[in-house]
Each structure stands twice: as structure tokens, then as C-alpha cells.
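Just below is one structure, and these are the notes that go with it.
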Amino acid sequence: MNHTDRPHSICIAHPSVVSVLIKNICLGMDARVPRRATVARRSVVIVSSRKFSDDDNDNCGGLVVVANTRTSPSATLIVAPTSFVDEREEGERRRPHLKVTFFDGQSSRAQVVAVNMTFALLTTKFHSGCEEVVWMESNSSFLTPPTFLWLPVSSDRMAYVRSFTIVESLESYNRDHCRVQQKDSEHFFLISCKFDGESKRLLGAPVFAMGSSSPNTCAMGVVVEDIARGSEMRLALSSTYIRGIVKYLIEMRRKKTFLAEEEEVAGDPPAPPSPPRRKRRRVVRGNQIQGGRRVV
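Taking full-length UniProt numbering, the leading residue of the sequence shown gets 1, the next gets one more, and so forth.
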């Protein structure tokens, strides 16, 4: 048979690869990941429960706010939704059993060190490869750029999901008093994001701006609520407001560490008094000196 008559060869992918691609398409994920998104992934983590569970959906997003505390020992600080942390508090001391998984699949135990109504600050073992999230300086641009998120697919794997901003600010005023602004409404904005997985996985996910004049990929905000089940609209909190929350949580951690050190010092028993010093006798080449007199 002539080579021109041969049927075209068909490349068949491995079944596991095909299943992953089908799952990604069903979840609304894009297999083509831009370089900016790959860099931004280093500042995103997955927060999940350390306790054994058959539910692999029990996780949410988180972000790195301090890559290295430069203390002894060094640690990495993570911010995660308070609602997720509170639901996993157990025991008399109400300590949640949490772990964080970084972009490279490395997992570490996490401990809650400060809590706000919206976010909680977690400390975990220092991870040398992660990077701190870079916040957008202002959300007041007239034309908002395309956005994207990294969302947890399981307790150890994230997926790239494209999104875009619907409303760049939810700043609103009272109906009866048009000059009275709704409190904190200017700190929220809406994004559209197609994701058919568990809605709680969206919580705590940073919203990154794809187009930016900065060389770094900046985060416009963080998803805090799913508008409605089956809807693609997500409520996000702006970066300008979140930076204030993060600063407050880090300051709370610093004060708690300082007070704990003070209590530890106060609890130590006082040191015993030093024994009185004895007057030493000095001998010089066979001549002895005693009481200021030279004795031969």
C-alpha cells in the first residue's frame, strides 16, 4: 500500500488524562494557564481539615500574607475565611484541626493565631517557595481588567478559573435618604465566575487582575460570599479594605506573642541571690600579702 493511502494516525491520550480534562471542562476550568496566573498561584493555598474525612470537598481557599516572619522559628502566615475555621473548632479548647496545602502540594499543620469577623490569621511552617500576595493599590479604574482565580478542586489540587468583574463597586445609598450611604458598601464588588463545584470552595479565593501595568499579578480582592446557588455571581471584598484587616490581624498576633512572653517571664521563679564574694589572697614570688601588709 502506498504511504499516501495509509490512514492518518490517531494519538490516544491516557484514560487518566482524559478524565482530568473532562472534569476540568465540567467544572468550568481552563487548561491553558497564562504565565501571570502561574506566578500568582504561589500566593494561594488550600485550607482543609486535618482529620480523616471521606468528604474531599471540605476545603476552601486561602492566601499568603507573610511568606517569612523571620522569627525563631520562621513561619508563614495565611489568611482564610473565619466561617470555615469556626465550623471546624473541636474540643474543650476549641482548636480547629487545620492544614494548608501550597502550590507545590506540600502540606503543613496550621494554627489560628488571630480572628476577625470575616477572616482568620493562621500560622504554619515556613515554606520557602511561596510568595506574598500583591494587592492592587486602588479599585477605582474605569475599565476593569479580566480576572482569574485559583480554586480548590480537592484537598491537594487547585484549578485555574477565568472570571470577569460585573460591578466594580457596590457603593449605594439609602432609598429614603439618598445622601446617606450604605455602610461599607463601597468595599464590595461583583465578579462572574463559572464553577460547578462546592460553593464554599470559592470562599477565601483571591481575585487576580490579568491585565495590569505592574510586573506582578495584583489581587483586586477576595471572594467572601456566593450570591445564590446556581448563580455565577460572587461577592468579593476589595483589596483596599482587606489590607486593613490583614494589618489588624498581624498586629493582634504580635500583641498576643508579646503578652505570652511576658507571662512566661513572670511565671518563672526568681533567681537565687548570688553568694558573697570572698576576699582572695595574692602571693607574689614567695612573699605573701595579707590585709594590705607585706609579710616576708
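All residues carry an ideal CB built from backbone N, CA and C; glycine is no exception.
None of the values given here were measured: they were computed from a predicted structure.
Our contact map puts residue i next to residue j with C-beta atoms below 8 Å; I'd like the distance itself, whole angstroms only.
i      : j      : result
Met233 : Leu190 : 6 Å
Val64  : Ile46  : Contact doesn't hold; Cβ gap of about 12 Å is too wide.
Val100 : Gly61  : Not really, about 11 Å apart at Cβ, beyond 8 Å.
His187 : Tyr248 : Rounded, the Cβ-Cβ distance is 14 Å, inconsistent with contact.
With residue i as the anchor, note down where its beta strand (DSSP E) starts and where it stops.
i           : result
Phe103      : Looking at the DSSP string, Phe103 is not in any beta strand (DSSP E), and its letter there is neither H nor E.
Ala80       : 75–81
Val39       : Taken as a continuous stretch (DSSP letters only), Val39 belongs to no beta strand (DSSP E), being part of the alpha helix (DSSP H) at 35–40.
Lys125      : 119–125
Ala209      : 206–209
Asp226      : 219–226
Arg157      : 157–167
Ser199      : No beta strand (DSSP E) holds Ser199; DSSP gives it neither H nor E.
Arg109      : 107–115
residue 332 : Nothing in the structure corresponds to residue 332, since the chain is present only between 1 and 296.
Asn59       : 59–66
Leu237      : 233–238
Val47       : 44–49
Leu190      : 188–193
Below 6 Å CB to CB, which residues in the same chain sit around residue i once its five sequence neighbours on both sides are set aside?
i      : result
Ile166 : Leu190, Ser192
Phe103 : Arg41, Arg42
His127 : Thr76, Phe102
Cys218 : Val134, Met136, Ala209, Ser212
Asn59  : Ile46, Ser48, Pro152, Ser155
Lys125 : Ser108
Met1   : Summary for Met1: the model assigns pLDDT 47, below 50, so the residue's position carries little reliability, and this model does not support an answer.
Out of the options, state which residue places its alpha-carbon closest to the alpha-carbon of residue i.
i           : options                        : result
Gln111      : Arg201, Ser199, Ser48, Val246  : Ser48
Lys200      : Ala228, Phe188, Met252         : Ala228
Glu131      : Asp86, Ala120, Val44, Phe164   : Val44
Ala209      : Pro73, Thr147, Ser107, Arg253  : Thr147
Val113      : Gly129, Asn59, Gly105, Asp86   : Asp86
Arg157      : Gly221, Phe84, Gln106, Lys51   : Gln106
Ser231      : Pro73, Ser74, Gly129, Glu198   : Glu198
Arg253      : Arg88, Ala120, Val39, Arg35    : Ala120
Lys194      : Lys247, Thr257, Arg162         : Arg162
Val220      : Ser169, Ile250, Lys256, Leu259 : Here residue 220 is Met; the residue named in the question, Val, does not match the sequence. For the residues Ser169, Ile250, Lys256, Leu259, the minimum Cα distance to Met220 belongs to Ser169.
Thr71       : Val39, Arg243, Thr123          : Thr123
Arg243      : Val39, Phe84, Pro206           : Pro206
residue 307 : Arg35, Val222, Ile250, Ser239  : The structure shown does not extend to residue 307, since the chain is modelled only from 1 through 296, so no value can be given for it.
Gly129      : Ala67, Leu259, Ser239, Pro73   : Ala67
Cutting at 8 Å between CB atoms, please list the residues of its own chain near residue i, excluding the five before and the five after it.
i      : result
Thr118 : Pro81, Thr82, Val224, Leu237, Ile245
Phe164 : Thr144, Pro146, Thr147, Ile191, Ser192
Pro276 : none
Lys256 : Val113, Ala114
Val74  : In the sequence as displayed, the identity of residue 74 is Ser instead of Val. The residues are Asn68, Phe126.
Tell me whether residue i, by its Cβ, gets closer than 6 Å to a heavy atom of the ligand FMN.
i     : result
Pro73 : Looking for the ligand FMN in the displayed structure turns up nothing, as the structure carries no ligands at all.
Grab me the residues of residue i's own chain with a C-beta within less than 7 Å of its C-beta, minus the 5 sequence neighbours each way, in chain order.
i      : result
Val115 : Thr82
Arg50  : His97, Leu98, Lys99, Arg109
Asp226 : Ser199, Leu202, Arg234
Val39  : Thr217
Ser239 : Trp135, Met136, Asn139, Ala219, Met220, Gly221
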